[in-house]
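Here the sequence shown is numbered in numbering that gives the first Met the number 0, starting from 0 and rising by one per residue.
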Amino acid sequence: MQIFGVDIGGSGIKGAPVDLARGDLAQERHKVLTPHPATPDAVADGVKEVVDHFGWTGPVGLTFPGVVTGGATIRTAANVDKGWIDTDARALFGERLGGLPVTVVNDADAAGVAEMEFGAGHGRTGTVILLTFGTGIGSAVFVDGVLLPNTELGHLELHGHDAEKRASSKAREDGELTWEHWARRVQKYLAHVEMLFSPELFIIGGGVSRKAEKFLPHIEGIKAEIVPAQLQNNAGIVGAAMRAAKR
């Protein structure tokens, strides 16, 4: 069975049909740049471009980089235009895609669902926390495989700032930090999250998961096991499709 998944991020909108039996993309993904400003209408146009690239006519699952309630309503918009707040994203995307069935889910939650089913979290019990490092920091918290949705742990305060302003992948790039220097910031953030939640496992996702060897060896003093996401930056696409299939 195939369902289309779209992952909306602060820098790019990417999507592809997903083979739900394998938990992998059925075709090479197509990506367009996230518009700036990332208003609802502009982002919806980007999503339509990605979906139309494949001529897709079935259900579509979409991630959003913020809190999503009821599978539809956007409550926060830290890294996109504030016009998203209180928008019915399911109605917006459904209309723009010509009435296709649409499901919307928090981006990190989608990535976490995929990793727990097909990736680094498969078969793991206890508390597992996936953290996606990109334009911001997304989080997905699982207890014995059950998701606590919309946790948004990237906005925990760390040294007087939102943690994602200090430890996201964008913060590394903007500050031209070495991988080792950035790893020390990530370590402080993980220590803070560990103090609050005492997880057995951290899964590190987002684009940086492809380069785990550059920073994970520099992270010390964390009791939980730390592993890179196995689905890497495709996890959001796969998770979005999984949620659409459930609906």
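We put the CB at the ideal spot given by N, CA and C, even for glycine.
{"Query": "Going straight from the alpha carbon of Trp-83 to that of Gly-137, what length do you get?", "Result": "18 Å"}
{"Query": "Would Thr-131 pass as a contact of Ala-110 if the rule is Cβ separation under 8 Å?", "Result": "yes"}
{"Query": "Do you know how far the Cα of Ser-167 is from the Cα of Tyr-188?", "Result": "10 Å"}
{"Query": "Counting only the same chain and skipping the five closest in sequence on each side, list residues whose C-beta sits under 8 Å from that of Lys-164.", "Result": "Ala-170"}
{"Query": "To the nearest whole angstrom, what separates the beta carbons of Val-185 and Phe-214, a pair I think is in contact under 8 Å?", "Result": "7 Å"}
{"Query": "Using only the alpha-carbon positions, how far apart do Pro-64 and Ala-107 sit?", "Result": "8 Å"}
{"Query": "Terminal residues of the continuous alpha helix (DSSP H) containing Glu-212?", "Result": "211-214"}
{"Query": "If contacts are defined as beta-carbon pairs under 8 Å, then Gly-4 and Val-17 qualify, I think. What distance do you get, rounded to the angstrom?", "Result": "5 Å"}
{"Query": "Just grab the DSSP bridge partners of Leu-129 for me.", "Result": "Ala-139 and Ile-202"}
{"Query": "Comparing C-alpha positions only, which one of Asn-232, Gly-220 and Leu-195 sits nearest to Ala-211?", "Result": "Asn-232"}
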